[in-house]
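S.K.: Position 590 (the sequence shown) corresponds to 1198 in this note's numbering; numbering is contiguous.
Backbone N, C-alpha and C define an ideal beta-carbon position, used for all residues, glycine too.
Since the structure is predicted, the reported quantities are computational estimates derived from the model, not experimental observations.
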Amino acid sequence: MAETIIIRVQSPDGVKRITATKRETVATFLKKVAKEFGFRNNGFSVYTNRNRTGEITASQNKSLSLLKIKHGDMLFLYPLSPAGSSSETMDTSVSQNLRPVGAPQVVEDEIDQYLIKQDGKIYRNRDQQLCHHSPLGKCVHCVPLEPFDEDYLNHLEPPVKHMSFHAYIRKLTGGADKGKFVALENISCKIKSGCEGHPPWPEGICTKCQPSAITLNRQKYRHVDNIMFENHTIADRFLDFWRKTGNQHLGYLYGRYTEHKDIPLGIRAEVAAIYEPPQIGTQNSLEILDDPKAEVVDEIAAKLGLRKVGWIFTDLVSEDTRKGTVRYSRNKDTYYLSAEECITAGYFQNQQPNICRLSPDGHFGSKFVTVVATGISLPGGPDNQVHFEGYQVSNQCMALVRDECLLPCRDAPELGYAKESSSEQYVPDVFYKDIDKFGNEITQLARPLPVEYLIIDITTTFPKDPVYTFSISQNPFPIENRDVLGETQDFHSLATYLSQNTSSIFLDIISDFHLLLFLVTNEVMPLRDSISLLLEAVRTKNEELAQTWKKSEQWATIEQLCSTVGVQISGLQDYGAMGGSTHAASAAMWACQHCTYMNQPGTDHCEMCSLPRT
């Protein structure tokens, strides 16, 4: 019987083991390779060397032993590139070089694809005093700097403590090997599965399956470098809930990622709207409830060209109601984010991973941001005013939260606590470095853990020239889930909104994020399947598309429902579908105030419940 051998074949999608025999022909072996990797035809080549030399061609006359292929040898498979221009072939090779072997094919965010193509270098003008060369020459005083140059970042105003994520990638891929062996590994705090040399935990563990200990370091890069609200109205409407109730509040930020030009290869999270999920808020606590509409909100936002980019919550306590000041409680002497808030931020960031081509898992870190509305004391400025602070938690914190290794401390919000191993869960040791009273660097066990090791701060700004993805009205449509304020989303509030906004441009009236969500999620007449044209009109700011949708039967029905709630909607006469006015629709049918049945015109009693018209 022929001796069985196992040959490893490495491809861009990973390594697979092929069982064969020494006397097996090369053609038979290549058929096994094609079947194992899912190739229907000869759309690949196999080489004995990584640099694509020593190609193995299909042959019925040659055996594996003749080619000196032995048990345990590694072969290298490369898919054949489709026919195309030389530039296309070059782009493909570059992308393969920047993607580690075994990493899956992923489609990164548009902003990432854009920044990959940018030069990123920091160009400097010629120094009149230090540069003594010709205008076309370069020296150490004027040669372009790399985007990760720490000295340049530290001398910016204000100094930048964290380089951008794409600058960090350039640093990793900037060596002689051009990042050929770079792989951004996600930290795992769990025991590796499949180890058969011993009983499972807690009866046994070995160095092969045991996760490594973690030493917390301050992350040198950040995935988002700036958070910008498009205008003050977005933040003011969110703060209105606290102003009216004194209770803390929470919302999800919807917007887009764009280039942040103040930092080399930087990314900015632009906030266009805030969605407020169901929640229970008090003066010192927040509880997020299950949201049955979460999936629909994400779907509508995507059709509007937006995505969930972060979350925001308030931590405000009024200090002087006459001056409008708030208490300044988050500072270097207390904390900037509590351990519980860090864990919540880590949970959200794990739900929104950052797609990355350099990670074997296809994702690394997150662009999801955290914004806190709290009091601040600015040097040279007004004290105790409401201010917005932006943060992210580090990738190490994300791993600790994902694998349930981090807990908050009950009496010290600025401290976290690394769990201890139990019979149900093995937890690796977590350390952090500190300076003792003698000035020596020491390693401490993270029980407890100062959470500043987990936090990355992000500047939060408002533009000098406001931007408006959605129109702004003096009488805006109510925000969702504010029933505690008496602000409800129903057809009465819709009719009131339409009666108070009599603009001749229909797109200005309908371009309200909360109004669009109501049209899709209301229980009387949800428009989830018929609102795509209107969302496209709002996204592209196309009045003609909005006019086309307004002539649909769906909008005519919405008008008719609004006309039954007892609000005089004079403005709707200009928006009536099929040229009809709302007054005509109101005269045609009326809704019973008792059973809501739609009755024919000219009747004084309800046809369903026989009660008189009121």
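Give me the Cα-Cα distance between residue 622 and residue 714, rounded to the nearest whole angstrom.
M.R.: 14 Å
S.K.: When the Cα of residue 886 is compared with those of 902, 1100, 878, which residue comes out closest?
M.R.: 902
S.K.: Comparing C-alpha positions only, which one of 687, 861, 775, 997 sits nearest to residue 869?
M.R.: 775
S.K.: Kindly give me the distance between the Cβ atoms of residue 687 and residue 651, rounded to whole angstroms, as I take these residues to be in contact under 8 Å.
M.R.: 6 Å
S.K.: Relative to the C-alpha of residue 821, which candidate in 871, 952, 948, 1007 has its C-alpha closest?
M.R.: 1007
S.K.: Below 7 Å between beta carbons: does that hold for residue 876 and residue 839?
M.R.: no
S.K.: Give me the Cβ distance between residue 626 and residue 644, rounded to the nearest whole Å; I'm assuming they're in contact under 8 Å.
M.R.: That pair is a contact at about 6 Å.
S.K.: Is residue 861 closer than 7 Å to residue 917 when the C-beta atoms are compared?
M.R.: yes
S.K.: If we count the other Cβ atoms within 10 Å of its Cβ and call it buried at 16 or more, is residue 793 buried or exposed?
M.R.: exposed
S.K.: Using the Cα positions of residue 1100 and residue 919, report the straight-line distance between them to the nearest angstrom.
M.R.: 30 Å
S.K.: Can you list, in chain order, the stretches of the alpha helix (DSSP H) that have 4 or more residues and sit fully within the region 756-794?
M.R.: 758-762, 773-780
S.K.: Where does residue 905 fall in DSSP's three states?
M.R.: helix
S.K.: Can you grab the Cα-Cα spacing for the pair residue 930 / residue 1132, in whole Å?
M.R.: 44 Å
S.K.: What ranges does the beta strand (DSSP E) occupy inside the region 837-905, keeping only unbroken runs of at least 3 residues that lie completely in it?
M.R.: Here the runs fully enclosed are 858-868, 874-883, 887-889, 894-896.
S.K.: Classify residue 949: buried if its beta carbon has 16 or more other beta carbons within 10 angstroms, exposed otherwise.
M.R.: buried
S.K.: Quick one: what's residue 919 bridged to in DSSP?
M.R.: Per DSSP, 860, 978.
S.K.: Going by Cα to Cα distance, which pick from 1087, 1109, 873, 952 is closest to residue 725?
M.R.: Closest by alpha carbon: 873.
S.K.: Determine contact between the region 767-774 and the region 990-1005, defined as no fewer than three beta-carbon pairs at a distance below 8 Å.
M.R.: no
S.K.: Give me the residue from 1123, 804, 968 with the minimum Cα distance to residue 1083.
M.R.: 1123
S.K.: Pop quiz: residue 1151 and residue 1118 are said to be a contact at Cβ under 8 Å. What is the actual Cβ separation, rounded to whole angstroms?
M.R.: No, residue 1151 and residue 1118 are not in contact; Cβ-Cβ is about 10 Å, not under 8 Å.
S.K.: Helix or strand or just coil, what does DSSP make of residue 958?
M.R.: helix
S.K.: Measuring alpha carbon to alpha carbon, tell me which of 662, 634, 678 ends up nearest residue 670.
M.R.: The closest CA to that of residue 670, considering only 662, 634, 678, is found on 634.
S.K.: From residue 1075 to residue 936, what distance separates their C-alpha atoms?
M.R.: 30 Å
S.K.: In angstroms, rounded to a whole number, what distance separates the CA positions of residue 1080 and residue 841?
M.R.: 8 Å
S.K.: Given that a residue counts as buried once 16 or more other Cβ atoms are within 10 Å of its Cβ, and exposed if not, what is residue 657?
M.R.: exposed
S.K.: With 16 other CB atoms within 10 Å as the buried threshold, where does residue 1220 fall?
M.R.: Exposed is the call here.
S.K.: When you compare the CB positions of residue 912 and residue 1147, do they come within less than 7 Å of one another, or not?
M.R.: A distance below 7 Å separates the beta carbons of residue 912 and residue 1147.
S.K.: Rank 1121, 668, 829, 896 by C-alpha distance to the C-alpha of residue 755 and give the top, closest one.
M.R.: 829
S.K.: Among 638, 717, 629, 613, which one has its Cα closest to the Cα of residue 679?
M.R.: 613
S.K.: By the three-class DSSP mapping on this structure, what secondary structure does residue 1014 have?
M.R.: The three-state secondary structure of residue 1014, taken from DSSP, is strand.
S.K.: What does DSSP give as the partner residues of residue 823 in its beta bridges?
M.R.: 1039
S.K.: Tell me where the beta strand (DSSP E) around residue 991 begins and ends.
M.R.: 991-1001
S.K.: Which residue marks the beginning of the beta strand (DSSP E) containing residue 1128, and which one marks its end?
M.R.: It is not in any beta strand (DSSP E) - residue 1128 instead sits in the alpha helix (DSSP H) that spans 1121-1129.
S.K.: Residues in the same chain with beta-carbon distance under 8 Å from residue 609, minus the five sequence neighbours each way, listed in chain order, please.
M.R.: At residue 609 the pLDDT is 49, less than 50, meaning the model places this residue with poor confidence and gives no usable figure here.
S.K.: According to DSSP, which residues form a beta bridge with residue 682?
M.R.: 616
S.K.: Among 1026, 808, 1103, 848, whose alpha-carbon lies nearest the alpha-carbon of residue 817?
M.R.: 808
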